[in-house]
Amino acid sequence: MSPSSSSFSYCFHLLMLILPLYNSLYFQVPRFDSNTNDVVFIGDAVPSFGAVNFNSLVYCCRVGQVIYKQPVPLWDSNSRKLSDFTTHFTFVIDTQNFVPYGHGIAFFLAPVGFTSPLNSAAGFLGLFNSTTSDNPSQGPIVSVEFDSISNQEWDPPVEHVGINRNSLSSVTYVDWNVSLYNKQTANCWISYNSSTNNLSVFWSYERNPNFQGNSSLSYRINLKEVLPAWVTVGITASTGQFMEKHTLQYWDFNSSLDVRHEAKTLAKFQDIMYQILLQAVRGIPHSWLNEIELDETMAPIPCILLILGSMRPK
Numbered sequence: 079m080s081p082s083s084s085s086f087s088y089c090f091h092l093l094m095l096i097l098p099l100y101n102s103l104y105f106q107v108p109r110f111d112s113n114t115n116d117v118v119f120i121g122d123a124v125p126s127f128g129a130v131n132f133n134s135l136v137y138c139c140r141v142g143q144v145i146y147k148q149p150v151p152l153w154d155s156n157s158r159k160l161s162d163f164t165t166h167f168t169f170v171i172d173t174q175n176f177v178p179y180g181h182g183i184a185f186f187l188a189p190v191g192f193t194s195p196l197n198s199a200a201g202f203l204g205l206f207n208s209t210t211s212d213n214p215s216q217g218p219i220v221s222v223e224f225d226s227i228s229n230q231e232w233d234p235p236v237e238h239v240g241i242n243r244n245s246l247s248s249v250t251y252v253d254w255n256v257s258l259y260n261k262q263t264a265n266c267w268i269s270y271n272s273s274t275n276n277l278s279v280f281w282s283y284e285r286n287p288n289f290q291g292n293s294s295l296s297y298r299i300n301l302k303e304v305l306p307a308w309v310t311v312g313i314t315a316s317t318g319q320f321m322e323k324h325t326l327q328y329w330d331f332n333s334s335l336d337v338r339h340e341a342k343t344l345a346k347f348q349d350i351m352y353q354i355l356l357q358a359v360r361g362i363p364h365s366w367l368n369e370i371e372l373d374e375t376m377a378p379i380p381c382i383l384l385i386l387g388s389m390r391p392k
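Residue numbers for the sequence shown follow the numbering used here, so the first one is 79 and each next one is one higher.
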């Protein structure tokens, strides 16, 4: 490859890196199998007959998780724009005639690379342990929990659905009694509106619920102030001394940074810059480089000169 084409290739690929285009993220898992590509199964979680069984009932104190395998963009570190998102999943809790039973299932957003800490079963729901609980410096987590047993240390005195911010203690909650819906399929939608900073939760045990954006629980939270720009999203469930069966049947997630206009503008700009750089390599600006002795460590120099030279007022 000639020096000019090598310089051009370097410049163009660098330009593509510094001008990323954001696309909306959508994934759907209507059936969970061992070869399902979009998610990974952690801990006790195993696919079984198209669903996910989260916890072994042979032993107590178990944790299982299903995590989307790619990092998810939550906000743009350049424009500071937050993403809207909606996730929908269906699950079943079977108390197996245990009295009492526990502990619950939760959807969560956490930093990329998050893993369940040691000793995070039971009421910790695979997200915290006695060391990391209520300690945001250990890693920010926002979750929506379906908590089937009250832990006196941090829970309200009832079974509940709660929204949690960096803590096991819910910032807001409503009563929820799983025994009234034992073995029934729950449909849950969790939505975030970046304009209002409203995180809302809606769930129903109807056979074919009609979700129209209404909510059973909501909380205003600026996720940009709590979580990093890229996050991991997942669903977790745990048992402790008390047990129950948690099954995930379906999961989808839809997110957009709402930068479609900016993306089109950037795409047009990339095309223009491609043409400019192409002409620059062929024409006068590139001639400046003929007088410079280059090695690999100086590769950025022609790129900078080409870009600045081609953008000079004519």
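We treat Cβ as the ideally placed atom computed from N, Cα and C, and that holds for glycine.
Sorted by chain position, which residues of the same chain lie with C-beta nearer than 7 angstroms to residue i's C-beta, five sequence neighbours on each side aside?
i    : result
S228 : P234, P235, V236, E237
N255 : E237
G312 : Q143, V144, I145, Y146, F186
C138 : T317, G318, Q319, M321
Any idea what DSSP makes of residue i, helix, strand or coil?
i    : result
R338 : With a pLDDT of 45 at R338, under the threshold of 50, the modelled position of this residue cannot be trusted; read the value that follows with caution. In the structure shown, R338 sits in a helix (DSSP, three-state: H, G or I).
T310 : strand
L258 : helix
T343 : Annotation note: pLDDT 48 at T343 (below 50); position unreliable, no value reported.
L295 : strand
G201 : helix
L246 : coil
K147 : coil
L301 : helix
A188 : strand
F169 : strand
C139 : coil
Q319 : coil
Q106 : strand
E223 : strand
L196 : coil
A264 : strand
Using 8 angstroms for Cβ pairs, my map puts residue i next to residue j. What's the rounded Cβ distance?
i    : j    : result
S161 : L335 : 5 angstroms
S221 : W232 : Their Cβ separation, rounded to whole angstroms, is 13 angstroms, which puts S221 and W232 out of contact at 8 angstroms.
V249 : R243 : 5 angstroms
Kindly list the residues whose CB is nearer than 6 angstroms to the CB of residue i, restricted to its own chain and excluding five residues on each side of it in sequence; keep chain order.
i    : result
K342 : Per-residue confidence for K342 stands at a pLDDT of 47, beneath the threshold of 50, marking its modelled position as unreliable; no derived number is given.
S296 : N276, S278
S257 : none
H166 : W267, D330
Can you have a look at residue i and say buried or exposed, based on whether 16 or more other CB atoms are within 10 angstroms of its CB?
i    : result
P108 : exposed
V130 : buried
D225 : buried
S273 : exposed
E223 : buried
V239 : buried
S269 : buried
N265 : buried
F127 : exposed
Would you mind stating whether residue i and residue j have Cβ atoms separated by less than 8 angstroms?
i    : j    : result
S208 : N197 : yes
T325 : V141 : no
L103 : S333 : yes
T193 : Y328 : no
P172 : E322 : Position check: residue 172 holds Asp in this sequence, whereas Pro was assumed. For D172 and E322, yes; Cβs fall inside 8 angstroms.
N260 : I299 : no
T317 : G180 : yes
L135 : W308 : no
V117 : T310 : no
L305 : P195 : no
F331 : F163 : yes
I want to see whether chain C comes within less than 8 angstroms of residue i, judged by CB atoms only; does it?
i    : result
V136 : The structure shown has no chain C; it contains just one protein chain.
Can you find the residues in the same chain that come closer than 8 angstroms, C-beta to C-beta, to residue i, ignoring five residues on each side of it along the sequence?
i    : result
Q262 : V170, Y283
S293 : S269, S278, V279, F280
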